[in-house]
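The numbering of the sequence shown is the UniProt record's numbering, which starts it at 1 and goes up by one.
We treat Cβ as the ideally placed atom computed from N, Cα and C, and that holds for glycine.
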Amino acid sequence: MSVVFKSTDVKEVFNSDISSIWSEKGNLAKVTVGSDNPMKGELQKFLKNGISILEVGCGDGKLIKYVCDNVEQCKIYGVDASEKMIDYAEARFESNENKNEIKFIAGLIETVNFEQTFDIIIMKQVLHHINNPKIILQKLEKNLAENGVLILMVPGKGYQANILPFSHEDDLLGRYARSALENLIINSGLFPLNILSDKFIFEFVNLYDYFKFMNNIGGVQKIHNYNADEYNIVIDWIKLYEEYLRKTEKMMVSGEYFVATCMKTNDYVLECIKTKK
Numbered sequence: 001m002s003v004v005f006k007s008t009d010v011k012e013v014f015n016s017d018i019s020s021i022w023s024e025k026g027n028l029a030k031v032t033v034g035s036d037n038p039m040k041g042e043l044q045k046f047l048k049n050g051i052s053i054l055e056v057g058c059g060d061g062k063l064i065k066y067v068c069d070n071v072e073q074c075k076i077y078g079v080d081a082s083e084k085m086i087d088y089a090e091a092r093f094e095s096n097e098n099k100n101e102i103k104f105i106a107g108l109i110e111t112v113n114f115e116q117t118f119d120i121i122i123m124k125q126v127l128h129h130i131n132n133p134k135i136i137l138q139k140l141e142k143n144l145a146e147n148g149v150l151i152l153m154v155p156g157k158g159y160q161a162n163i164l165p166f167s168h169e170d171d172l173l174g175r176y177a178r179s180a181l182e183n184l185i186i187n188s189g190l191f192p193l194n195i196l197s198d199k200f201i202f203e204f205v206n207l208y209d210y211f212k213f214m215n216n217i218g219g220v221q222k223i224h225n226y227n228a229d230e231y232n233i234v235i236d237w238i239k240l241y242e243e244y245l246r247k248t249e250k251m252m253v254s255g256e257y258f259v260a261t262c263m264k265t266n267d268y269v270l271e272c273i274k275t276k277k
């Protein structure tokens, strides 16, 4: 999957007004069938007191709050390209008592470096916003503890497929086929311990809410390769026709996420594979 956007362009998108309305996106889309949050269930399997955790693309810190509610005495790092997102993440913990050591860092994951390793590395809905996913996974593999796990969540090929047909090459939304995701993980020096598929259906009250949702998650921007000259035209048209778009009927949109749990391809993992054979 070739891409033509810059990491700094992605940063500009999520450092915009999106950061202030990030938490509102869940109010625009009602899940009527299935679940759109498979990450928590997989993450829960590996959470325990005293471990070290890194979330890449932590946004406003919502998932880190969930982690903190379930563990104690952990060292937790959150990294996001958006300074504004990091401000909201830090504010989330200002009045909360927690028994963990938390640190937020604003910066592109391409340039942020860590000397330590982590027991868990989390990437929720981030990989398709990264210019070169393989290089980033290879980098994070070096920061993964010997028997740690990297858990990532990406949109699958069924995500909004009834609106925007999936393409195996240069997909507009950066969606993955299962085989392509597995190959990416393996070629990055990681072992895909488990890849889960979670399918669901979104319901939007009207077409305006759908377009607003797509803007709030960076979807409109992704479709236009984060080119501000292009996606701002679309956003302006949505605002212009808001009154008419709100009068449209409700719409159902398909959803699919893959959650992949990965480990280093080390002697331990290879021995486990041999044993299962």
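- Distance from residue 63 to residue 55 at the Cβ level is roughly 6 Å; contact confirmed, criterion being Cβ atoms closer than 8 Å.
- Contact check for residue 81 against residue 5 fails: the beta carbons are separated by 8 Å or more.
- Secondary structure note for residue 257: its beta strand (DSSP E) is the uninterrupted segment 251-264.
- For residue 48, no beta strand (DSSP E) segment is defined, and its DSSP state is neither H nor E.
- Using a Cβ-Cβ distance cut-off of 8 Å, the segment 236-249 and the segment 144-153 are not in contact, since fewer than three pairs of beta carbons, one from each stretch, lie closer than that value.
- DSSP, reduced to helix, strand and coil, places residue 80 within a strand of the structure shown.
- Between the segment 250-269 and the segment 198-215 there are three or more inter-stretch CB-CB distances shorter than 8 Å, so the stretches are counted as touching.
- In this structure, residue 142 sits away from residue 190, with a CB-CB distance that is not shorter than 8 Å.
- Under DSSP, the beta-bridge partners assigned to residue 156 are 176.
- Within its own chain, the residues whose Cβ lies closer than 7 Å to the Cβ of residue 235, once the five positions on either side in sequence are excluded, are 215 and 220, listed in chain order.
- Distance from the CA of residue 257 to the CA of residue 173, rounded to the nearest whole angstrom, comes to 13 Å.
- Secondary structure of residue 192 (DSSP, three-state): strand.
- According to the DSSP assignment, residue 136 belongs to the alpha helix (DSSP H) that extends over 133-142.
- With respect to residue 16, residue 88 sits apart: the two C-beta atoms are not nearer than 8 Å.
- Residue 217 sits in coil when the DSSP states are folded into three classes, being neither helix nor strand.
- Assigned with DSSP and collapsed to three states, residue 228 falls in helix.
- Looking at the backbone, the Cα of residue 85 and that of residue 136 are separated by about 21 Å.
- If you draw a straight line from the Cα of residue 51 to the Cα of residue 171, it is about 37 Å long.
- For residue 62, the enclosing alpha helix (DSSP H) starts and ends at 62-68.
- The closest CA to that of residue 74, considering only 91, 57, 47 and 10, is found on 47.
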